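So the sequences go chain by chain: A and B. By the numbering used here, the letter at position 108 of the first sequence is numbered 108, and the numbering carries on one by one without gaps. By the numbering used here, the letter at position 132 of the second sequence is numbered 132, and the numbering carries on one by one without gaps. C-beta atoms are modelled at their ideal positions from N, C-alpha and C, and glycine is treated no differently. These numbers were taken from a predicted model, which means no experiment stands behind them. Data first, discussion second: the structure below is written as structure tokens.
2 protein chains.
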Amino acid sequence: IVEVNNAVRTYRMGSSKVHALKGVSFEVREGDFLAIMGSSGSGKSTMLNLIGCLDKPTKGTIHINGVNIAKLNDDGLTDIRRDNIGFIFQQFNLIPTLTALENVEIPMIFKRLGPQKRRKKALKMLELAQLGREYATHKPGELSGGQQQRVAIARALANDPPIILADEPTGNLDSKTGKGVMELLSDLNRKGKTLIVVTHDPKIIEYSNTTIYLQDGEVVDEID
Amino acid sequence: IVEVNNAVRTYRMGSSKVHALKGVSFEVREGDFLAIMGSSGSGKSTMLNLIGCLDKPTKGTIHINGVNIAKLNDDGLTDIRRDNIGFIFQQFNLIPTLTALENVEIPMIFKRLGPQKRRKKALKMLELAQLGREYATHKPGELSGGQQQRVAIARALANDPPIILADEPTGNLDSKTGKGVMELLSDLNRKGKTLIVVTHDPKIIEYSNTTIYLQDGEVVDEID
Ligand SMILES: Nc1ncnc2c1ncn2[C@@H]1O[C@H](COP(=O)(O)OP(=O)(O)OP(=O)(O)O)[C@@H](O)[C@H]1O
Ligand SMILES: Nc1ncnc2c1ncn2[C@@H]1O[C@H](COP(=O)(O)OP(=O)(O)OP(=O)(O)O)[C@@H](O)[C@H]1O
Ligand SMILES: [Mg+2]
Ligand SMILES: [Mg+2]
Numbered sequence: 001i002v003e004v005n006n007a008v009r010t011y012r013m014g015s016s017k018v019h020a021l022k023g024v025s026f027e028v029r030e031g032d033f034l035a036i037m038g039s040s041g042s043g044k045s046t047m048l049n050l051i052g053c054l055d056k057p058t059k060g061t062i063h064i065n066g067v068n069i070a071k072l073n074d075d076g077l078t079d080i081r082r083d084n085i086g087f088i089f090q091q092f093n094l095i096p097t098l099t100a101l102e103n104v105e106i107p108m109i110f111k112r113l114g115p116q117k118r119r120k121k122a123l124k125m126l127e128l129a130q131l132g133r134e135y136a137t138h139k140p141g142e143l144s145g146g147q148q149q150r151v152a153i154a155r156a157l158a159n160d161p162p163i164i165l166a167d168e169p170t171g172n173l174d175s176k177t178g179k180g181v182m183e184l185l186s187d188l189n190r191k192g193k194t195l196i197v198v199t200h201d202p203k204i205i206e207y208s209n210t211t212i213y214l215q216d217g218e219v220v221d222e223i224d
Numbered sequence: 001i002v003e004v005n006n007a008v009r010t011y012r013m014g015s016s017k018v019h020a021l022k023g024v025s026f027e028v029r030e031g032d033f034l035a036i037m038g039s040s041g042s043g044k045s046t047m048l049n050l051i052g053c054l055d056k057p058t059k060g061t062i063h064i065n066g067v068n069i070a071k072l073n074d075d076g077l078t079d080i081r082r083d084n085i086g087f088i089f090q091q092f093n094l095i096p097t098l099t100a101l102e103n104v105e106i107p108m109i110f111k112r113l114g115p116q117k118r119r120k121k122a123l124k125m126l127e128l129a130q131l132g133r134e135y136a137t138h139k140p141g142e143l144s145g146g147q148q149q150r151v152a153i154a155r156a157l158a159n160d161p162p163i164i165l166a167d168e169p170t171g172n173l174d175s176k177t178g179k180g181v182m183e184l185l186s187d188l189n190r191k192g193k194t195l196i197v198v199t200h201d202p203k204i205i206e207y208s209n210t211t212i213y214l215q216d217g218e219v220v221d222e223i224d
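Now the structure itself:
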């Protein structure tokens, strides 16, 4: 379902270059639960952004469901994203002027769900993400770090996407809440969703079926 | 050096109230290394913001070096903060339009350090925070999550403050880099700095000399 072939991503900084990814290749089959680990700055978020169609590789190819995303324009990328991918961002990327509930409803608006259906579904997603219903009306600035993280999780699940990409989804959670989130992701995987989770938490091994280790923009180990 | 006496912090949300802190009391002696733990939403960041003079309690008192901060106006709070406290924020709060180096230099400008001295000291702080020198010219949006976190750490140390408050300082770091940060904090503590660290990482116990557990805005356990 996801094929990464010699993906290179280079950033230009003035006269120098940052080689964030130096030629990464791997495959993810439908229904897999892949963990991506590696030290800070090793290229994990960069890799996830390529798979999530938020960025294009400098060289190499990324195929999502057989479609070469490097060949798409911005509209094409947006369509692929909206229909296939739920993304939990490392820094949440919530809209600060909207409530938690409205943030979760946003992807549903694009799917043209009516307001009653959206609200009901968004409340259910927040509950799945282990966030108490009383927080639905809080804006992100009125929530703790871990509560914001849970809103980001609920939003990623809003349209029931077949592929879920999670960038350090438990970084701001205590171990009990974090475990609840891992159980939720594991559950979604058992129901057939493909999961790619970037994390620093070694406990991911209890849930994933494959692990890739990145170091300085390269795959240094792959465990099945 | 820090005295918290029946600190209450209530937020108003429309017609309802959020009781973030319900009467918290504890003391921190100079040179202590206090860890504050507790589940997501339990009030840790709220508590740290009160101690860091970024917020005032709804009831109760906070004394920093014998000064009752509830009695200060905004200028008074700012002075106490600038002279005494280095704060590592849970969400970094870096200035997006400035480079990593400039972000670290900002507190030094208020101390009227000249540009050459500032630059030299800022580079040293980034090095202490384990961030490679090549990243000094990156803006926050050009840094990984864990690299931004390290810039936030370097900035908190910029003026060599006697009190360091850290809100989940290793949340975005792999275990090796995170351990390096913990060793740095421990080292500063050995040199006489007072440390208060909010964290979900149970390994903090290896470094702290006191631990407070918060649950629903109250202290439920204190271990010395
Ligand atoms: N816009 C950019 N311009 C220049 N360099 C960048 C940019 N974005 C990221 N980088 C660099 O690319 C490298 C990889 O970044 P990435 O965010 O993928 O790391 P990461 O593995 O997710 O790290 P972390 O665990 O800290 O989140 C880093 O060294 C970073 O400084
Ligand atoms: N401005 C605000 N308005 C209303 N409620 C708020 C506001 N800020 C925080 N809260 C609430 O206060 C409670 C405590 O928040 P706090 O940020 O202190 O938690 P925390 O222990 O740091 O959690 P985490 O581990 O997730 O960072 C939370 O339930 C949060 O929703
Ligand atoms: Mg990252
Ligand atoms: Mg917090």
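- Contact between A:V18 and A:V4 fails: their C-beta atoms lie close to 19 Å from each other, not under 8 Å.
- In this chain, the beta strand (DSSP E) harbouring B:F26 covers 16 to 28.
- If you look at A:L94, you'll find it isn't in any alpha helix (DSSP H); DSSP assigns it neither H nor E.
- Ranked by how close their Cα comes to the Cα of B:T10, the residues B:T46, B:D75, B:I1, B:D32 have B:T46 in first place.
- When the alpha-carbon of A:M13 is set against those of B:A136, B:P57, B:F92, B:Q90, the nearest one is in B:A136.
- Within the chosen limit of 8 Å, ligand 2 reaches the beta carbon of A:L143 through at least one heavy atom.
- Following the DSSP letters along the chain, one finds B:T137 in no alpha helix (DSSP H), marked with neither H nor E.
- At a C-beta separation below 8 Å, A:L173 has these neighbours in chain B: S40, H200.
- The C-beta of B:G145 comes closer than 9 Å to at least one C-beta of chain A.
- In the assembly as shown, A:K193 is a buried residue. Its beta-carbon has 16 or more other beta-carbons within 10 Å.
- Residues of chain A with a Cβ closer than 8 Å to the Cβ of B:T137 are, in chain order, M13, G14.
- Nearest in C-alpha terms to B:A166, of all of B:V104, B:R29, B:M182, is B:M182.
- Looking at the backbone, the Cα of A:N172 and that of A:L113 are separated by about 31 Å.
- Distances from the alpha-carbon of B:E206 to those of B:I88, B:V151, B:S186, B:K22 put B:S186 closest.
- For A:K44, the Cβ falls inside the 8 Å cut-off from some heavy atom of ligand 3.
- Residues R150, I153, A154 of the same chain have their beta carbon placed closer than 6 Å to that of A:A129, with the five preceding and five following residues left out of the count.
- Contact annotation: A:P161 and A:A100 have beta-carbon atoms that are not nearer than 9 Å.
- Distances from the CA of A:P115 to each of A:V198, A:I164, A:E102, A:E168 were compared; the closest alpha carbon is that of A:E102.
- Boundaries of the alpha helix (DSSP H) around B:A122: 115 to 128.
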